[in-house]
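A.B. asks: From first to last, the protein sequence lines are chains F and W.
Per our numbering, residue 1 is the first one in the first sequence, and the count goes up by one each step.
Per our numbering, residue 436 is the first one in the second sequence, and the count goes up by one each step.
Think of the CB as a built atom: it goes at the ideal place given N, C-alpha and C, for glycine as much as any other residue.
Just so we're clear, the structure is a prediction, and the values are computed from it rather than from any experiment.
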Amino acid sequence: MKLLSFKGGVHPPEKKLTKDLEIKKAPLPPKVVVFMLQHAGAPAKPVVQVGQQVKTGQVIGEPQGMISAYVHSPVTGVVKDISKVNSSLHGMAVEAITIERTDDDDWELLPAVDYEKASREELIDIIKKGGVVGLGGAMFPTHVKLNPAKPVNTLIINGAECEPYLTIDHRVMLERADEVLQGIEITRKILGVKSVYIGIEYNKKDAINLLQKKWDGKVTVAPLRTKYPQGAEKQLIKAITGKEVPSGGLPSDIGIVVQNVSTMLAIKEAIIDRKPLIERGMTLTGEGVKENGNWSVRIGTPISWIIENLGKGFSDGFEEIKILMGGPMMGIPISLIDTPIVKGNNGLTVIRQQERNSTNCIRCSYCVFVCPMNLQPYLLDLLSRKKKYDDAVAIGLLDCIECGSCSYICPANVEHVKSIKLGKKVYTALRGGKK
Amino acid sequence: MKLLTTSAPHVRTEDSTRKIMVDVLVALVPAVIAATYFFGSSAFILVIIGMVSAELIELFIMRVLKKDKEFVSNGSAAVTGLLLALNVSVATPWWVLLIGVVFAIAIVKHTFGGLGQNIFNPALTARVFLLVSFPNAMTTWYNPINKFFGTYPTDIQTSATPLAVLKLEGFSKAAQDFAPVDLFFGNMGGCIGETSTILLLLGFAYLVVRGRIKVTIPTAYLGTVLAFSWIFYSVNPERFGSPLFHLLTGGLMLGALFMATDMVTTPMTIRGQALFGVGCGILTMIIRYFGGYPEGVSLSILLMNAFVPLIDRYTQPKIFGRRNA
Chain F
1 MKLLSFKGGV HPPEKKLTKD LEIKKAPLPP KVVVFMLQHA GAPAKPVVQV GQQVKTGQVI
61 GEPQGMISAY VHSPVTGVVK DISKVNSSLH GMAVEAITIE RTDDDDWELL PAVDYEKASR
121 EELIDIIKKG GVVGLGGAMF PTHVKLNPAK PVNTLIINGA ECEPYLTIDH RVMLERADEV
181 LQGIEITRKI LGVKSVYIGI EYNKKDAINL LQKKWDGKVT VAPLRTKYPQ GAEKQLIKAI
241 TGKEVPSGGL PSDIGIVVQN VSTMLAIKEA IIDRKPLIER GMTLTGEGVK ENGNWSVRIG
301 TPISWIIENL GKGFSDGFEE IKILMGGPMM GIPISLIDTP IVKGNNGLTV IRQQERNSTN
361 CIRCSYCVFV CPMNLQPYLL DLLSRKKKYD DAVAIGLLDC IECGSCSYIC PANVEHVKSI
421 KLGKKVYTAL RGGKK
Chain W
436 MKLLTTSAPH VRTEDSTRKI MVDVLVALVP AVIAATYFFG SSAFILVIIG MVSAELIELF
496 IMRVLKKDKE FVSNGSAAVT GLLLALNVSV ATPWWVLLIG VVFAIAIVKH TFGGLGQNIF
556 NPALTARVFL LVSFPNAMTT WYNPINKFFG TYPTDIQTSA TPLAVLKLEG FSKAAQDFAP
616 VDLFFGNMGG CIGETSTILL LLGFAYLVVR GRIKVTIPTA YLGTVLAFSW IFYSVNPERF
676 GSPLFHLLTG GLMLGALFMA TDMVTTPMTI RGQALFGVGC GILTMIIRYF GGYPEGVSLS
736 ILLMNAFVPL IDRYTQPKIF GRRNA
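This is the structure:
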C-alpha cells in the first residue's frame, strides 16, 4: 500500500491503549457546567435565567456576530448559576451556565428536514442551530466553514488521529462508519464537491480496510504514513493533494475544506436525528487513571466527575500528575479539576511528568529537519526569548502550528514551542490584536 | 494530588546531549584502535591524556569558575580531547597536547559561552594553535610501528607524510613510496588518528546509522575534493597528484567525517551544509596545491566555521506555504 505523507515530523510512541475498546455511553452526570465560549469566535449570549427549567437540547446560548455558535443544554434540569468560571482551557474566566440535572432526558429536538430534498441553505441553517463546531480541536463553527468565500472542489475528512494515546476518531470510524458516511454525503451536498477523501494513518489499518470496502466508489480512502503531525490540517492537505495552503491563508484558498470524522457524525446527528451537539466521543486514557476507555459523554461534564466515575479515580502512587485536554503532544494541562469538557474535547490524557532539564542548544539541527512547516525552531526560540519579535515574524513565527515536534525531538530539551507561543501572544498584543 | 501545568509537548524523546556525545566517542573507537596499532602505546597514552584532561578542565571551569554546582559531564569535552589527541603526531610530547587541551576547552569553548556557543571547532583551533606554537613537535612524523601497544626505539628516524612527499618530490615519487592499499588501511606517517580511511569510515557509518551526523557535509566535502583534484590532475599529474591519493592522505577523512560534521560549528540547513562542505573542499585543495603547508584540512574547516552565521542567514529553508524563502 502506498502511504502518503509530508516532509518532516516525528514518531512518538503511539500508546493507543484504548484502540480495541468500544465507545461506551457514559451515565448522565448530576451537574454540568456549559461554557458560552466553546467555539472559535465570539462567545454565545445566555438566553435562560437562573431557576429556569431546561430540556435536553434546548438552546441556552445564542450566537453573537458572524463567527459564533449556538450552545444547548446537555441535560434536563434546572439552571443553578450563570456566571464567569475560571477556565484552564481558555486561560481566563469565561461565562458559563451551571445546570443541575433533575430528570432523564426530555428532548427538545431540532427542526425536521428531509435532507435529500432540502436546499443547501436549509441544511446549513440546521447545522448552525445544532451548534456544530469542528470537533478535531479547533472548534471552528461548522456552518461558517461550510459556506466558504471561495469555490471549493475537494472535501477532505480527517481521520489521521496522529496524537499518541487518542483513539476516539479511530473507534468512530470502526463503529459508526455508516453514520459518518451520511454526514459526509450531507456535507458533500452542501459544498457541491465531487471529490471526497478520507486520510487515515496506517496504524489504523482495520479502519482503512473497513472504509475501503464500505465506502467504495463514494469516498477515496488515503492511507497515510504514521507520523506526527499527520493530522494537522496543512500537512494532511499536503499529503493527500500535494498542495500547500498559502502562508496566512485558509484551505479554501486552494479549493479545499477539511472536516474531522467526529464532526461528520455531529452533522449527521443534527440533520437526521435532529440532535444538537450536546454529546461527543472522547478517549479517557493514560497511566494516571485506573481505567482507560472510549466514552460518549455530555458536553459540560466536569473532568473531576469523569475521572471519578468513568476512570474510577486516579491510579495509586502518584503525587503529581498532568491532566491533558487532548493528547500528550498538544494537549492543554488542566489545573482546575472541575473544568468541564467542551465540544472540541477529543480526549483526556492523564500522565506523569517526564523529568527534563533544558540545556544548551548544540545546533544538532534535528528541530529544523522535523519541522513540518519548514521553519527554524531553534532560531524562533532564540529570537522570541530575546524579544526580537519582528525578526521572529520575518522568519515565520506566525506560521508555526505549535505541533511540538521540535521540542519533542530536541536532545537538549529546549522549550521551543513554549517561547514561540509566548512570542506570538506578545507580538499580537503589542500590535493591538492585529496579526 | 498536585495537578501540574507545564508547556506542551508533554512527551519527549529519551535522547540527550550526552547520548549524542557517547555515540561520537563510540564512532571514534575504530580510529583509536588504528592509532594504537600503527603508532603503539605512546599514541594510546596521548588519547587517554587528551580525553581525561579535557573532562577535568571542563569540570573545573563549570564547578569552580562558573559556579555551576549541578554540572555533570555530558561527554562533549571528552570528544574534544579525543579529537585533538587524534590530530597530533605520535612524536608530540604529552605536555604539548595538554596545553592544546587547555586552550581548546578554556579558550575556544568556554570563553565563547561553553557548550553549543563556540564559533570554531575547539579541537581544530587547538591543533592550529599548537601547529604555530610548537611547529617542530607538531610536524615530526614517524613511520607506523604496526604492533598493538608497540614502543618506538629511542633512535627512531623521522619520516615524511605522503602529502609532504607529493609537495616536495612530485607525484611519481609519492605514488612509488605509498601504495593505495597502505593508504586505505592507514599504513603511513601522519597524525595518530587520521591515517586509516577504512576504520574512520566504519565509525562514520555508525554515526549515520544512529542519525547523528549531517551527512550532506562529508558528501559535499569529499565530492568537491575529488572533482577539484581530478581537474588539476588532468592538467599536471606530476605536480598535483591523483584524486584518489588526495582522498586517502592527510587529515581529509578525519576532517571531513568527524570535524566538519561537528554539530555546533556547522550550518543548520541542508543547503547550508552542502555549501559548507563545498567550501571546505575548495579551500583544502587550494591550500594543498598552493599553500605553504602540505595539508589544509584544519585551516579550511576553521575558515568555513567563521562563515557559518553568514551561510545560515542566506540558506534559510523555504517556509511551508510561501513562494520563496
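How far does the alpha helix (DSSP H) with Asn571 of chain W in it extend, from its first residue to its last?
C.D. replies: By one-based count along the second sequence, residue 571 of chain W stands at place 136. Looking at the DSSP string, the run of the alpha helix (DSSP H) that includes Asn571 of chain W is Pro570 to Met573.
A.B. asks: Could you tell me the alpha carbon to alpha carbon distance between Lys243 of chain F and Val743 of chain W, rounded to whole angstroms?
C.D. replies: Start at 1 with the first residue of the first sequence, and residue 243 of chain F comes out as number 243. Start at 1 with the first residue of the second sequence, and residue 743 of chain W comes out as number 308. If I take the Cα positions, the gap works out to 33 angstroms.
A.B. asks: Going by Cα to Cα distance, which pick from F:Gly311, F:Asn147, F:Leu277 and F:Gln354 is closest to Val75 of chain F?
C.D. replies: Along the first sequence, one-based indexing puts residue 75 of chain F at 75. For Val75 of chain F, the nearest C-alpha among the options comes from F:Leu277.
A.B. asks: Kindly identify the DSSP beta-bridge partner or partners of Ala93 of chain F.
C.D. replies: Sequence index remark: in the first sequence, residue 93 of chain F carries index 93 (1-based). Answer is F:Asn86.
A.B. asks: Indicate whether the contact test is met: 3 or more Cβ pairs, each with one atom in the stretch 180-198 of chain F and one in the stretch 365-380 of chain F, closer than 8 angstroms.
C.D. replies: no
A.B. asks: Pull up the CB-CB distance for Gly61 of chain F and Val47 of chain F, whole angstroms please, since I reckon it's below 8 angstroms.
C.D. replies: Working through the first sequence from its first residue, we reach residue 61 of chain F at position 61. Working through the first sequence from its first residue, we reach residue 47 of chain F at position 47. Contact holds; Cβ gap of about 7 angstroms.
A.B. asks: Applying the criterion that 16 or more other CB atoms from any shown protein chain within 10 Å of the CB defines a buried residue, is Pro111 of chain F buried or exposed?
C.D. replies: On the first sequence, position 111 is the one that residue 111 of chain F refers to. Its Cβ having fewer than 16 others within 10 Å, Pro111 of chain F is exposed.
A.B. asks: Spell out whether any CB of chain W is found under 8 angstroms from the CB atom of Arg363 of chain F.
C.D. replies: Position 363 of the first sequence, counted from the first residue, corresponds to residue 363 of chain F. Chain W, which has a Cβ nearer than 8 angstroms to the Cβ of Arg363 of chain F, makes this yes.
A.B. asks: Does any CB atom of chain F fall closer than 8 angstroms to the CB of Ser508 of chain W?
C.D. replies: Numbered from its first residue, the second sequence carries residue 508 of chain W at position 73. At a cut-off of 8 angstroms between beta carbons, Ser508 of chain W makes no contact with chain F.
A.B. asks: How do the stretch 474-484 of chain W and the stretch 635-655 of chain W stand: do at least 3 beta-carbon pairs fall below 8 angstroms, yes or no?
C.D. replies: no
A.B. asks: Name the two residues that bound the continuous beta strand (DSSP E) containing Trp295 of chain F.
C.D. replies: As a working mapping, residue 295 of chain F is identified with position 295 in the first sequence. Counting along the chain, the beta strand (DSSP E) containing Trp295 of chain F begins and ends at Gly293 to Arg298.
A.B. asks: What are the uninterrupted segments assigned as beta strand (DSSP E) that are 3 or more residues long and contained completely in the stretch 243-293 of chain F, given in chain order?
C.D. replies: 256-260 and 279-285
A.B. asks: Between Val446 of chain W and chain F, is the shortest Cβ-Cβ distance under 8 angstroms, so that the two count as touching?
C.D. replies: Here the question's residue 446 of chain W lines up with position 11 in the second sequence. Yes, Val446 of chain W counts as interfacial toward chain F.
A.B. asks: DSSP state of Ala780 of chain W, grouped into three classes?
C.D. replies: For chain W, the structure presents residues 436 to 760; residue 780 of chain W sits outside this window and is missing.
A.B. asks: Along chain B, which residues have their Cβ under 8 angstroms away from the Cβ of Val464 of chain W?
C.D. replies: Protein chains F and W are contained in the structure displayed, whereas chain B is not.
A.B. asks: Residues of the stretch 720-753 of chain W in Cβ contact with chain F at a cutoff of 7 angstroms, in chain order, please.
C.D. replies: Against chain F - using a Cβ distance shorter than 7 angstroms - the residues of the stretch 720-753 of chain W are Gln751, Pro752 and Lys753.
A.B. asks: So, with DSSP's three-state summary, where would you put Ala222 of chain F?
C.D. replies: By one-based count along the first sequence, residue 222 of chain F stands at place 222. Note: Ala222 of chain F maps to strand in three-state DSSP.
A.B. asks: Between which two residues does the beta strand (DSSP E) containing Asn158 of chain F stretch?
C.D. replies: For the purposes of this step, residue 158 of chain F is identified with residue 158 of the first sequence, where counting begins at 1. Note, Asn158 of chain F: beta strand (DSSP E), Thr154 to Gly159.
A.B. asks: Alpha carbon to alpha carbon, how far is Lys25 of chain F from Ala760 of chain W? Give it in angstroms, no decimals.
C.D. replies: Taking the second sequence and counting its residues from 1, one reaches residue 760 of chain W at position 325. Taking the first sequence and counting its residues from 1, one reaches residue 25 of chain F at position 25. Because the pLDDT of Ala760 of chain W is 46, which lies under 50, any placement of that residue in the model is unreliable, and the number read from its coordinates should be weighed accordingly. Near 50 angstroms, if we compare the C-alpha coordinates of Lys25 of chain F and Ala760 of chain W.
A.B. asks: Would you call Gln708 of chain W buried or exposed, if buried means 16 or more other Cβ atoms sit within 10 Å of its Cβ?
C.D. replies: Numbered from 1 along the second sequence, position 273 holds the residue referred to as residue 708 of chain W. It counts as buried.
A.B. asks: Am I right that Pro164 of chain F and Glu355 of chain F are in contact with their C-beta atoms under 8 angstroms? What's the rounded C-beta distance?
C.D. replies: Position 164 of the first sequence, counting from 1, holds the residue named residue 164 of chain F. Position 355 of the first sequence, counting from 1, holds the residue named residue 355 of chain F. Not really, about 18 angstroms apart at Cβ, beyond 8 angstroms.
A.B. asks: Where are the alpha helix (DSSP H) runs, 4 residues long or more, that stay fully inside the stretch 567-607 of chain W, in chain order?
C.D. replies: 570-573 and 597-604
A.B. asks: Of all the residues that make up the stretch 470-484 of chain W, which are near chain F by a beta-carbon distance shorter than 7 angstroms?
C.D. replies: Listed by position along the chain: nothing, the set is empty.
A.B. asks: According to DSSP, simplified to helix, strand and coil, what is His445 of chain W?
C.D. replies: The residue you call residue 445 of chain W lines up with position 10 of the second sequence. Of the three classes helix, strand and coil, the one that applies to His445 of chain W here is coil, per DSSP.
A.B. asks: With 8 angstroms as the threshold, decide whether the Cβ of Val245 of chain F is near any Cβ in chain W.
C.D. replies: By 1-based counting over the first sequence, the position of residue 245 of chain F is 245. Yes, its Cβ sits closer than 8 angstroms to a Cβ of chain W.
A.B. asks: Report the residue from F:Leu4, F:Gly9, F:Val10 and F:Asp20 whose alpha carbon sits nearest the alpha carbon of Trp295 of chain F.
C.D. replies: Position 295 of the first sequence, counting from 1, holds the residue named residue 295 of chain F. Residue F:Asp20 is the option with its Cα nearest to Trp295 of chain F.
A.B. asks: Give the residues of chain F in contact with Asp450 of chain W, contact being defined as C-beta atoms less than 7 angstroms apart.
C.D. replies: Here the question's residue 450 of chain W lines up with position 15 in the second sequence. Within chain F, the residues near Asp450 of chain W are Pro411.
A.B. asks: For Arg761 of chain W, decide whether its Cβ has a neighbour in chain F, counting only Cβ atoms nearer than 8 angstroms.
C.D. replies: The structure shown does not extend to residue 761 of chain W, since chain W is modelled only from 436 through 760, so no value can be given for it.
A.B. asks: Does the Cβ-Cβ distance between Ile307 of chain F and Ile341 of chain F come in under 8 angstroms?
C.D. replies: As a first step, residue 307 of chain F is located in the first sequence; it is residue number 307 there, counting from the start. As a first step, residue 341 of chain F is located in the first sequence; it is residue number 341 there, counting from the start. No, these two residues do not count as a Cβ contact at 8 angstroms.
A.B. asks: Counting C-beta neighbours from all protein chains within 10 Å, is the total for Gly432 of chain F 16 or more, i.e. buried, or is it exposed?
C.D. replies: The count along the first sequence starts at 1 and reaches residue 432 of chain F at position 432. By the 10 Å Cβ count, Gly432 of chain F comes out exposed.
A.B. asks: Kindly indicate if chain F contains any beta-carbon less than 8 angstroms away from that of Gly621 of chain W.
C.D. replies: Your numbering for residue 621 of chain W matches position 186 in the second sequence. Answer no: the Cβ-Cβ gap between Gly621 of chain W and chain F never drops below 8 angstroms.
A.B. asks: Are the C-beta atoms of Thr441 of chain W and some chain F residue less than 8 angstroms apart?
C.D. replies: In the second sequence, the residue the question calls residue 441 of chain W occupies position 6. Chain F contact via Cβ: present.
A.B. asks: Go ahead and pull the three-state DSSP assignment for Val132 of chain F.
C.D. replies: Counted from its first residue, the first sequence places residue 132 of chain F at position 132. Of the three classes helix, strand and coil, the one that applies to Val132 of chain F here is coil, per DSSP.
A.B. asks: Tell me the DSSP secondary structure of Val464 of chain W in three-state form.
C.D. replies: Residue numbering aside, residue 464 of chain W sits at position 29 when the second sequence is read from its first letter. Residue state, collapsed to three classes: helix.
A.B. asks: Helix, strand or coil for Trp215 of chain F? Go by DSSP, reduced to three states.
C.D. replies: Counting from one through the first sequence, the residue named residue 215 of chain F turns up at place 215. The answer is coil: DSSP assigns Trp215 of chain F none of H, G, I, E or B.
A.B. asks: Which residues bound the alpha helix (DSSP H) around Ile334 of chain F?
C.D. replies: Within the first sequence, the letter at position 334 stands for residue 334 of chain F. Careful: Ile334 of chain F lies outside any alpha helix (DSSP H) and carries neither H nor E.
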